[in-house]
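Worksheet: the structure to be examined is printed underneath.
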Amino acid sequence: MDDTPRSAPTALARLRVAASAADFTRSCDARTGSLLSALAAARPAGRVLELGTGVGEGTAWLLSGMDRAARLTTVELDAGVQAIAREELAADPRVTFVTADAGHWLEEYSGAPFDLVFADTWPGKFTHLERALALVAPGGTYLIDDLTPQPDWPESHAAAVTRLLAELEGHPDFCSVRLAWSSGLVMAVRGEPIERER
């Protein structure tokens, strides 16, 4: 089966051109994007959090699946990079752009939890993991990508991924699944605390 997405957000082509001009290469894979769209569509009037806006490709995919009542908060440290996303997507009233260190934002946020959290940057994934997981509503989904080993990974990064997977798979409040697909994903869903066999 060919898993290439058959459709894409209308803004995506323009965002890719802008990303290329800015020499930005860290946007989410299109297959990950299609999954983001589907997960957002599964949450009518849902609250969505994206950690790591980048140039807005993941943001565009999320918005493409969200209904009119859903709301997206997307956080990015690099104002110049996020400006590309803002220029293309800020007219959409469903999205709120935050320019901040995602780790600091996670530490300071005190609002309602989110139905979907997509952590596409270091904070919320390799740091501040527990804080990000605490913001997932009951029945909500936490998604991370870029876990397939790459030749340019620093030696320490593989160990960091191993620790991350162990933390997620051993977490009593989440049921997680590894997806050896796209850039390498883990999806974790918050449920009742799990009694694990020893």
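Sequential numbering from 674 applies to the sequence shown in the working numbering. Glycine included, each C-beta is placed from N, C-alpha and C at the ideal position.
Which residue's Cα is closest to the Cα of Asp-740: Arg-759, Ala-711, Glu-749, Gly-753?
Ala-711
Would you decide whether Ala-805 is buried or exposed? Buried here means 16 or more other CB atoms lie within 10 Å of its CB.
buried
Buried or exposed: which applies to Trp-734, given that a residue is buried once 16 or more other Cβ atoms fall within 10 Å of its Cβ?
buried
Bridge partners - Ser-849, DSSP secondary structure assignment
Ala-861
By alpha-carbon positions, which one of Thr-814, Ala-692, Ala-752, Ala-691 ends up nearest to Ala-715?
Thr-814
Alpha carbon to alpha carbon, how far is Arg-687 from Ala-694? Give it in angstroms, no decimals.
11 Å
Near Ile-817, which residues of its chain fall below 6 Å by C-beta distance, leaving aside the five closest residues on each side in sequence?
Ala-792, Lys-798, Val-859
Helix, strand or coil at Val-834 [DSSP, three-state]
helix
Any contact between the region 822 to 841 and the region 749 to 761? By contact I mean 3 or more CB pairs, one from each, below 8 Å.
no
With burial defined as no fewer than 16 other Cβ atoms inside 10 Å of the residue's Cβ, what is the status of Thr-845: buried or exposed?
Position check: residue 845 holds Pro in this sequence, whereas Thr was assumed. Pro-845 is exposed by the Cβ-count criterion.
So, are the CB atoms of Arg-720 and Leu-789 less than 9 Å apart?
yes
Within the same chain, show all residues whose beta-carbon is closer than 6 Å to that of Thr-769, passing over the 5 residues directly before and after it, in chain order.
Thr-746
Here's a check: name, in chain order, each residue in its chain whose Cβ is nearer than 7 Å to the Cβ of Gly-776, leaving out the five neighbours to either side.
Pro-796, Thr-800, His-801
Ala-733 in three-state terms, based on DSSP:
helix
Can you list, in chain order, the residues of its chain with a C-beta nearer than 6 Å to that of Thr-683? Leave out the 5 residues immediately preceding and following it.
none
Candidates Thr-732, Val-690, Arg-767, of which the one nearest Pro-717 by Cα:
Arg-767
Quick one: complete alpha helix (DSSP H) runs, 4+ long, within the region 684 to 734?
685 to 694, 703 to 714
Leaving out the 5 sequence neighbours to the left and right, which residues in its chain are closer than 6 Å to Arg-863 when beta-carbon positions are compared?
Val-809, Pro-811, Gly-813, Asp-846, Phe-847
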